[in-house]
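Quick notes on the structure that follows.
Protein chains: 2
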Amino acid sequence: MKALKDRIIRDGKCFEGGILKVDNFINHQMDPILMKSMAVEFVRRFASTKINKILTIEASGIAPAIMVGYLLELPVVFAKKKKPSTMENMLTTTVYSFTKDRTYDVCVSKDYLCPGDKVLFIDDFLANGNAAKGIIDLVQKAEAELVGMGFLIEKSFQHGGDYLRAQGIHVESLAIIESLENCQIKIKD
Amino acid sequence: MKALKDRIIRDGKCFEGGILKVDNFINHQMDPILMKSMAVEFVRRFASTKINKILTIEASGIAPAIMVGYLLELPVVFAKKKKPSTMENMLTTTVYSFTKDRTYDVCVSKDYLCPGDKVLFIDDFLANGNAAKGIIDLVQKAEAELVGMGFLIEKSFQHGGDYLRAQGIHVESLAIIESLENCQIKIKD
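Here it is, written out as structure tokens:
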């Protein structure tokens with residue numbers, strides 16, 4: 001998606017260890033107009049997919065997910081990164097964060113991720129795919145069906161996308177970063 | 001706002017200690033159509049206010065804030081609840097959570113909350129106002145101007161709204177809960 005690629009080149013910042021910061025328009029400050037355009041692109045790419053629920057993880061996934069849900073007129077569920085004290089009836093999985101070198105729990109209520117749900121997962125980043133694997137686990141535990149996964153930015157050199165596609169999952173990424181070597185952002189055409 | 005009040009009566013759940021759970025349409029599962037309608041209502045209520053930036057706190061504030069930002073075509077910044085390791089140039093404040101009986105840090109980058117910014121803060125809940133006080137502190141530290149605070153739901157019996165209005169802040173709440181005594185949801189007309 002050209003508008004996103006152009007924005008990454010303009011405002012993305014590269015750090016050692018394959019880190020791409022897009023705090024200017026996605027992860028801290030958000031550009032709602034671009035967010036809506038990206039949601040439209042997801043609607044187009046998943047046009048032939050039957051979906052009844054959008055799923056994401058807090059916090060940076062919420063903005064793109066709510067825009068997709070708004071366009072498709074579907075409920076949006078955000079999985080939480082800690083088990084809230086007032087929540088019962090939870091499905092939980094553990095995710096290892098490569099960036100932060102620690103594990104965290106991700107949970108979702110059975111009330112909102114239900115057997116038979118046709119779930120489109122939307123998130124900001126796909127890197128090594130650990131968060132995505134956690135989502136696959138949650139969707140399976142809920143006896144729901146994962147019909148697609150859409151990411152704003154995929155870092156293909158970290159191979160999470162390879163894994164997901166090898167599982168037969170319909171993965172769409174709006175910008176694919178092939179390399180951040182020498183802090184040069186190389187985006188797939 | 002009638003649609004929100006009706007939805008709270010229909011789907012809100014009351015727990016001991018003055019807790020109102022709206023996990024069905026705001027805090028875990030989100031209704032994007034209602035979210036957009038609430039954003040329209042904020043636009044109307046702050047129609048005569050000059051705003052150049054929307055500010056919120058992760059995670060439940062992001063959805064209403066991005067919708068307001070989308071309608072007004074303004075950038076949306078979400079304050080973070082922990083200091084990210086890759087962030088420099090941060091403003092930080094400490095907030096006491098009454099519900100969870102612990103403090104947490106809220107931070108925002110000086111790159112995105114800047115001197116002279118005219119900031120509309122949007123969040124899901126206003127209860128005792130501790131998070132809002134943290135936001136006031138951050139906005140002051142940034143030498144920005146807080147031009148208004150909009151909340152989806154205010155629990156007036158916890159008096160955060162009284163405090164904010166006494167400071168001369170323009171506060172708008174789309175539904176005001178007067179009491180949750182005996183687990184009866186009483187909403188202001």
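Keeping their order, the protein sequence lines are chains A and B. Numbers 1 to 189, taken from full-length UniProt numbering, label the letters of the first sequence in order. Numbers 1 to 189, taken from full-length UniProt numbering, label the letters of the second sequence in order. Glycine residues also receive a C-beta, built at the ideal position from the N, C-alpha and C atoms.
Local conformation of residue i per DSSP, three classes
i: Ile169 of chain B; result: coil
i: Asp101 of chain B; result: coil
i: Ile185 of chain A; result: coil
i: Leu55 of chain A; result: strand
i: Gly148 of chain B; result: strand
i: Cys46 of chain A; result: Just to set this straight, residue 46 of chain A is Phe in the shown sequence, not Cys. Three-state result, Phe46 of chain A: coil.
i: Leu120 of chain B; result: strand
i: Lys81 of chain B; result: coil
i: Leu72 of chain A; result: helix
i: Leu174 of chain A; result: strand
i: Met35 of chain B; result: helix
i: Met1 of chain B; result: coil
i: Lys155 of chain A; result: strand
i: Val40 of chain B; result: helix
i: Lys110 of chain B; result: coil
i: Leu91 of chain B; result: strand
Residue-level contact to chain B via CB, residue i, 7 Å cutoff
i: Lys118 of chain A; result: no
i: Glu16 of chain A; result: no
i: Lys36 of chain A; result: yes
i: Ala59 of chain A; result: yes
i: Ser109 of chain A; result: yes
Straight-line gap, residue i to residue j (C-alpha atoms, nearest Å)
i: Glu172 of chain B; j: Gln158 of chain B; result: 16 Å
i: Arg10 of chain A; j: Ile51 of chain B; result: 25 Å
i: Leu180 of chain B; j: Gly160 of chain B; result: 16 Å
i: Val68 of chain A; j: Phe42 of chain A; result: 7 Å
i: Leu4 of chain B; j: Lys186 of chain A; result: 46 Å
i: Ala142 of chain B; j: Asp111 of chain B; result: 10 Å
i: Asp124 of chain B; j: Ile8 of chain B; result: 13 Å
i: Gly129 of chain A; j: Ala47 of chain B; result: 43 Å
i: Ala131 of chain A; j: Gly168 of chain A; result: 17 Å
i: Asp162 of chain B; j: Lys36 of chain B; result: 27 Å
i: Ile66 of chain A; j: Asp189 of chain A; result: 28 Å
i: Gly134 of chain B; j: Cys107 of chain B; result: 9 Å
i: Lys81 of chain A; j: Thr99 of chain A; result: 15 Å
i: Gly12 of chain A; j: Lys53 of chain B; result: 21 Å
i: Arg102 of chain A; j: Pro32 of chain B; result: 33 Å
i: Leu20 of chain B; j: Gln29 of chain B; result: 15 Å
i: Ile26 of chain B; j: Asn182 of chain A; result: 43 Å
Short CB-CB distance (under 7 Å) between residue i and chain A
i: Val77 of chain B; result: yes
i: Met30 of chain B; result: yes
i: Ile62 of chain B; result: yes
i: Ile66 of chain B; result: yes
i: Gly134 of chain B; result: no
i: Tyr104 of chain B; result: no
i: Tyr112 of chain B; result: yes
7 Å Cβ cutoff, residue i in contact with chain E
i: Tyr70 of chain B; result: The chain inventory of the structure shown lacks chain E, comprising the protein chains A and B.
Any non-hydrogen atom of the ligand GDP within 6 Å of residue i CB
i: Ala131 of chain B; result: With respect to the ligand GDP, the structure offers nothing, as it holds no ligand at all.
For the structure I just gave you, are there three or more beta carbon pairs, one from the stretch 53–68 of chain A and one from the stretch 90–103 of chain B, closer than 8 Å?
Judged by Cβ distances under 8 Å, the stretch 53–68 of chain A makes no contact with the stretch 90–103 of chain B, as fewer than three pairs qualify.
Are three or more beta carbon pairs between the stretch 73–83 of chain B and the stretch 102–122 of chain B nearer than 8 Å?
Touching, yes.
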